[in-house]
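In terms of the numbering used here, the sequence shown opens at residue 69 and continues consecutively.
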Amino acid sequence: MGKRRKARECSLQILFQLDFMDGDFQQIQDQYWSHRKLSKEIQEYSRWLISGILSHKEEIDALIESVSQHWSLSRMTAVDRNILRMAVFELIYEKSVVSAVVINEAIEIAKKYSTYEAADFVNGILDAVRKKRNKSKKEMNGKKHG
Numbered sequence: 069m070g071k072r073r074k075a076r077e078c079s080l081q082i083l084f085q086l087d088f089m090d091g092d093f094q095q096i097q098d099q100y101w102s103h104r105k106l107s108k109e110i111q112e113y114s115r116w117l118i119s120g121i122l123s124h125k126e127e128i129d130a131l132i133e134s135v136s137q138h139w140s141l142s143r144m145t146a147v148d149r150n151i152l153r154m155a156v157f158e159l160i161y162e163k164s165v166v167s168a169v170v171i172n173e174a175i176e177i178a179k180k181y182s183t184y185e186a187a188d189f190v191n192g193i194l195d196a197v198r199k200k201r202n203k204s205k206k207e208m209n210g211k212k213h214g
């Protein structure tokens, strides 16, 4: 398993805890890492993901809800909701990873931590997010050149 995949899985576990536990996210994160001996690189990428997701949660959630027909975030399982948040954050803010890789990683994590049906659900939502973002980028570029 690659370091980024492991970081994503750790992030999912921490985000899941944050959904159900009151407390400071830094404290929860520190407690999580105190019980695991993983590389500094994995921890750094995971911490970057979690911090970014929490900092941009409203934007991320709004984007997910804008493409998820008949599914509010509150109706989604905590695992699926957090996989989507993580992948949407990476689609927007991680410039070194192509969208197909981000989406594939999310699907594989959904298969492992949720259900096979969840993998299809995650794929559909993320593909819709990708298309919406690509459309917005094209419209922005057209306005710049028009």
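A virtual CB, placed ideally from N, CA and C, is assigned to each residue, including glycine. Note that the structure is a prediction, hence the values are computed from the model and not measured.
The segment 101-119 makes contact with the segment 73-86: 3 or more CB pairs, one atom from each, lie closer than 8 angstroms. Within the same chain, and ignoring the five residues on either side of residue 81 in sequence, the residues whose Cβ sits closer than 8 angstroms to its Cβ are 100.
For residue 142, no alpha helix (DSSP H) segment is defined, and its DSSP state is neither H nor E.
Residue 187 and residue 92 have their alpha carbons spaced roughly 30 angstroms apart. Around the CB of residue 157, 16 or more other CB atoms lie within 10 Å, so the residue is classed as buried.
Rounded to the nearest whole angstrom, the C-alpha separation of residue 117 and residue 175 is 17 angstroms. In the DSSP assignment, residue 70 falls outside any alpha helix (DSSP H) and carries neither an H nor an E. The continuous stretches of alpha helix (DSSP H) do not include residue 182, and DSSP gives it neither H nor E. Three or more beta-carbon pairs separated by less than 8 angstroms are not found between the segment 115-134 and the segment 167-185, which leaves the two stretches without contact.
Closest by C-alpha distance to residue 104, out of 194, 79, 87, is 79. Note on geometry: alpha-carbon atoms of residue 181 and residue 204 lie some 32 angstroms from one another.
Taking a cut-off of 8 angstroms for Cβ pairs, the segment 141-157 and the segment 190-205 touch, as three or more such pairs fall below it. By the beta-carbon neighbour count (other beta carbons within 10 angstroms, threshold 16), residue 88 is exposed.
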